[in-house]
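Colleague: Handing you a structure now.
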């Protein structure tokens, strides 16, 4: 994430950093303080950067681009979701006005085919009850 600061805010932050550095190490080593404050006041021109710093900056820029793409994709998804919900609410109001219900399914009113119940037919009525009684007796 990139933080956008105005020139004035950067100068204020730089001066507060100078004061903090002076409070911590300024009393003990004045040469270090002058070096650090000169680097801060002169900006990035006089400061030499290592390859590691440059790699980190490139990675940060890639992350910023990636975050921007992700944010753009999220915004597009949100817009599509809103449009879809608007379509659903519009379709539901049209259907709901005619059917009197929010969701109407024609299949619900149609009855399932009713199968007639067939009675069990045995060759000898009571044979299986006798077998069950015998099993229970044992």
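Numbering (UniProt numbering), first residue to last: 1 to 138.
Don't be surprised by glycine CBs; every beta carbon is placed ideally from N, CA and C.
Using a threshold of 6 Å, is the CB atom of residue 10 nearer than that to any non-hydrogen atom of the ligand NAD?
Modeller: You won't find the ligand NAD in this model; it holds no ligand whatsoever.
Colleague: Can you find the residues in the same chain that come closer than 7 Å, C-beta to C-beta, to residue 99, ignoring five residues on each side of it along the sequence?
Modeller: For residue 99, the predicted structure reports a pLDDT of 48, less than 50, and the residue's modelled location is therefore unreliable. A value from the coordinates is still provided. There are no such residues.
Colleague: Suppose you measure from the CA of residue 59 to the CA of residue 88; what does that come to, to the nearest Å?
Modeller: 43 Å
Colleague: Could you name the residues of the same chain whose beta carbon sits closer than 8 Å to that of residue 77, not counting the 5 residues immediately before and after it, in chain order?
Modeller: Sequence-distant Cβ neighbours of residue 77 in its own chain, meaning closer than 8 Å and more than five residues away, do not exist here.
Colleague: Hey, quick one: how far does the alpha helix (DSSP H) through residue 115 stretch, first residue to last?
Modeller: No alpha helix (DSSP H) contains residue 115, which DSSP labels as neither H nor E.
Colleague: Could you tell me the distance, in whole angstroms, from the CA atom of residue 129 to the CA atom of residue 105?
Modeller: 47 Å
Colleague: How many angstroms separate the CA atom of residue 125 from the CA atom of residue 116?
Modeller: 22 Å
Colleague: Taking the C-alpha atoms as reference points, what is the distance between residue 135 and residue 127?
Modeller: Straight-line Cα distance between these residues: approximately 13 Å.
Colleague: Locate the alpha helix (DSSP H) running through residue 12, then write down its first and last residues.
Modeller: 7-21
Colleague: Helix, strand or coil for residue 90, going by three-state DSSP, please let me know.
Modeller: helix
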